[in-house]
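According to this note's numbering, the sequence shown is numbered sequentially starting from 13.
Quick reminder that beta carbons are idealized off the backbone N, C-alpha and C, glycines included.
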Amino acid sequence: MATVEATGSTNADLTRLADSEPEAWPHLSVLSARHQFAGRGRSGREWVVEPYTALTASIVLRPSLAPADLSWLPQVVCLAVVRALGDLGARARAKWPNDVVLDDAGEELEGWERMRKVSGSLVEATPSGAIVVGIGVDVAPGSAPVPWAVSLQEAGVDATPDDVLAAIGRHLPGLVARLEEASGDAASSGLADEVAAVTATLGKDISAALPDGSTLLGRAESLNADGGLVVRLQDGTTREIVSGDVTTVRLTL
13 MATVEATGST NADLTRLADS EPEAWPHLSV LSARHQFAGR GRSGREWVVE
63 PYTALTASIV LRPSLAPADL SWLPQVVCLA VVRALGDLGA RARAKWPNDV
113 VLDDAGEELE GWERMRKVSG SLVEATPSGA IVVGIGVDVA PGSAPVPWAV
163 SLQEAGVDAT PDDVLAAIGR HLPGLVARLE EASGDAASSG LADEVAAVTA
213 TLGKDISAAL PDGSTLLGRA ESLNADGGLV VRLQDGTTRE IVSGDVTTVR
263 LTL
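Okay, structure coming up:
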């Protein structure tokens, strides 16, 4: 594990280092930053927080699986974060496809109910085939500058970024190993059921913004064999969407 005082993006750094210095960055190596000033999420969205208020870290994975067998990895990462935050006393759940939210963390808010986002993750492949998992967790006041987000400390959880990283480290390796042992089959490994059990999106009416500007309305029913979201549309038909198909997913009241 290496920690730097400041960097633009730990994911960008580790994506480069994982390929240029593979022996120095083996499976489950971690790069964290006290201050990340050019972070990014899905679809290239910017994520900027005040210095020293959030966990900003990236983890390199060198799984034995082919890329096609890693479709559940984003959900497995969320499961690890949910369990880690639970260890620290938070009431956390996953919000498909790559966020973690805290229950009863604020007043009713359109698209979020009383949930608030506390964490997001980004899974990327390097040119050589390594996987880099970026995880951000809002820890202290100032790290969650939008109304639908909250920090752990604002939610009453006394933790530091180092506490959060250590807790994630107690869960992620074992979950990834289980996915590998099952050759990526989340159902046979039991991971599919475990992910579904903590996914707040399921059973909710949602609106999903698509890249073409259209909006998909329906009820999130289940996760499919690849970790995609099965949505029951208003006309009674179903549609399966993967994270790359949507820009945002919000609850509808």
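query                                                                                                                                                              : result
For residue 41, which of 142, 108, 96 and 205 has the nearest alpha-carbon?                                                                                        : 142
Would you call the region 186-197 and the region 74-92 touching, i.e. three or more CB-CB distances under 8 Å?                                                     : yes
Does DSSP put residue 165 in a helix, in a strand, or in coil?                                                                                                     : coil
Please determine, among 119, 190, 66 and 249, the residue with the shortest C-alpha to C-alpha distance to residue 163.                                            : 66
Short of 6 Å in beta carbon distance, which residues of its chain neighbour residue 254, apart from the five on each side in sequence? Order them along the chain. : 240
Which residue comes first and which comes last in the alpha helix (DSSP H) that contains residue 27?                                                               : 22-32
Tell me whether residue 228 sits in a helix, a strand or coil according to DSSP, three-state version.                                                              : strand
If distances are taken between C-alpha atoms only, which option among 105, 32 and 22 comes closest to residue 212?                                                 : 105
Less than 8 Å between the CB atoms is what I'm expecting for residue 102 and residue 167, so what's the real figure, rounded?                                      : 6 Å
Tell me which residue opens and which closes the beta strand (DSSP E) that residue 17 is part of.                                                                  : 14-19
List the whole-angstrom C-beta distance separating residue 145 from residue 70, where the pair is believed to meet the contact cut-off of C-beta under 8 Å.        : 6 Å
Restricting to Cα atoms, I'd like to know which of 135, 158 and 206 is closest to residue 267.                                                                     : The requested residue 267 does not occur in the structure, where the chain is confined to residues 13 to 265.
According to the neighbour-count rule (16 or more other Cβ atoms, all chains shown, within 10 Å of its Cβ), is residue 229 buried or exposed?                      : exposed
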